[in-house]
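In our numbering, the protein residues as written are 15 to 338.
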């Protein structure tokens with residue numbers, strides 16, 4: 015199974031994920047599991063405990079049992095696929111893995127999480143070293159925490175939990191960012207993502223570097239590039255933010271926004287600038303297309319507005335029906 019790029023990594027630090035517990039992290043820290051960037055490898059890098067790996071690595075077991083780590087997802091959601099990335103782990107990867115999930119209200123401690131009922135998403139199965147081990151998930155309930163178990167021990171570079179965000183409707187009232195991934199916004203289409211993914215546009219917070227945004231290739235024809243965002247639900251957009259921060263010699267010259275009706279006509283933008291613009295649109299819409307002319311990169315796109323009563327009711331029904 016190949017997960018479309020529109021499904022975000024629910025575990026990623028970029029979306030607010032956190033590794034809240036690991037029973038062992040002797041050689042390499044558990045927090046590496048959810049770094050958004052690919053794992054690196056420095057052949058000559060050694061520390062007091064041995065080879066330094068960009069991942070989570072436990073010591074060699076000399077007793078029965080297995081190791082595990084628990085990740086709090088950045089957003090509760092329905093998991094579609096899990097990838098256990100063992101890149102650069104060749105003689106020290108786990109022979110098998112399993113994935114379980116649980117849903118908790120609030121922010122429980124590791125001790126409280128241990129007492130939850132955990133549900134199997136991926137049963138104990140084989141894993142390969144220095145590989146992207148991907149496992150489809152067919153359970154359509156929403157989860158807040160994932161438990162990765164490795165058998166019996168070893169190292170994992172990254173854990174990717176691709177799925178659909180199911181936002182808590184309590185936080186969807188009033189003016190919100192209708193495009194934000196954490197509110198249920200998704201990338202529906204994109205003309206070109208040569209350098210970096212358009213999914214970065216709708217991630218939380220400000221971009222930290224240029225690669226933390228969307229950048230397409232240089233155009234050599236008469237067309238232009240674009241990205242389409244499926245909104246969190248039907249809503250009315252009131253004002254927008256088009257951020258070109260960190261894009262200096264490679265920002266677009268102009269941009270335009272279109273929903274079911276025009277939002278923003280072709281408008282000049284500046285490099286390395288956070289543009290905040292009021293738009294006039296009384297018509298509800300469910301998706302917005304951002305055109306950049308002729309090409310170029312953006313760090314963030316914000317579409318602030320309100321969900322319609324019908325969309326808020328639908329979000330409430332989905333939250334309840336997907337409850338575990």
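Note that CB positions come from ideal geometry on N, CA and C, so glycine has one too.
Just so we're clear, the structure is a prediction, and the values are computed from it rather than from any experiment.
{"Asked": "How many whole angstroms separate the CB atoms of residue 126 and residue 161, which I take to be in contact at a CB cut-off of 8 Å?", "Found": "The pair is not a contact, with the Cβ atoms about 14 Å apart (cut-off 8 Å)."}
{"Asked": "Where in the segment 68–105 do unbroken runs of the beta strand (DSSP E), each at least 3 residues long, occur, reported from the N-terminal end onward?", "Found": "81–99"}
{"Asked": "Going by alpha carbons, who is nearest to residue 91 out of 49, 178, 37 and 221?", "Found": "178"}
{"Asked": "Nearest CA to the CA of residue 24: which residue from 79, 53, 76 and 97?", "Found": "97"}
{"Asked": "What residues are listed by DSSP as bridge partners for residue 160?", "Found": "85 and 115"}
{"Asked": "Are residue 89 and residue 196 close, meaning C-beta to C-beta below 8 Å?", "Found": "yes"}
{"Asked": "At a cut of 8 Å, does the segment 55–73 reach the segment 132–149 through at least three beta carbon pairs?", "Found": "no"}
{"Asked": "Check residue 15 in the structure and name its three-state DSSP category.", "Found": "Low confidence applies here, because residue 15 scores a pLDDT of 33, under 50, leaving its location unreliable; read the following figure in that light. Three-state DSSP puts residue 15 in coil, outside helix and strand."}
{"Asked": "Roughly how many angstroms separate the alpha carbons of residue 155 and residue 139, rounded to a whole number?", "Found": "22 Å"}
{"Asked": "Please classify residue 232 as buried or exposed, where buried requires at least 16 neighbouring CB atoms within 10 angstroms.", "Found": "exposed"}
{"Asked": "Please report the distance separating the alpha-carbon of residue 18 from that of residue 176.", "Found": "Here the model assigns residue 18 a pLDDT of 42, short of 50, so the residue's position is not dependable, and the following value carries that caveat. Using only the alpha carbons, I get a separation of about 9 Å."}
{"Asked": "Mind checking whether residue 245 and residue 48 have CB atoms under 8 Å apart?", "Found": "no"}
{"Asked": "Going by Cα to Cα distance, which pick from 312, 334 and 39 is closest to residue 209?", "Found": "312"}
{"Asked": "By a C-beta neighbour count over all protein chains shown, 10 Å radius and 16 as the cutoff for buried, is residue 152 buried or exposed?", "Found": "exposed"}
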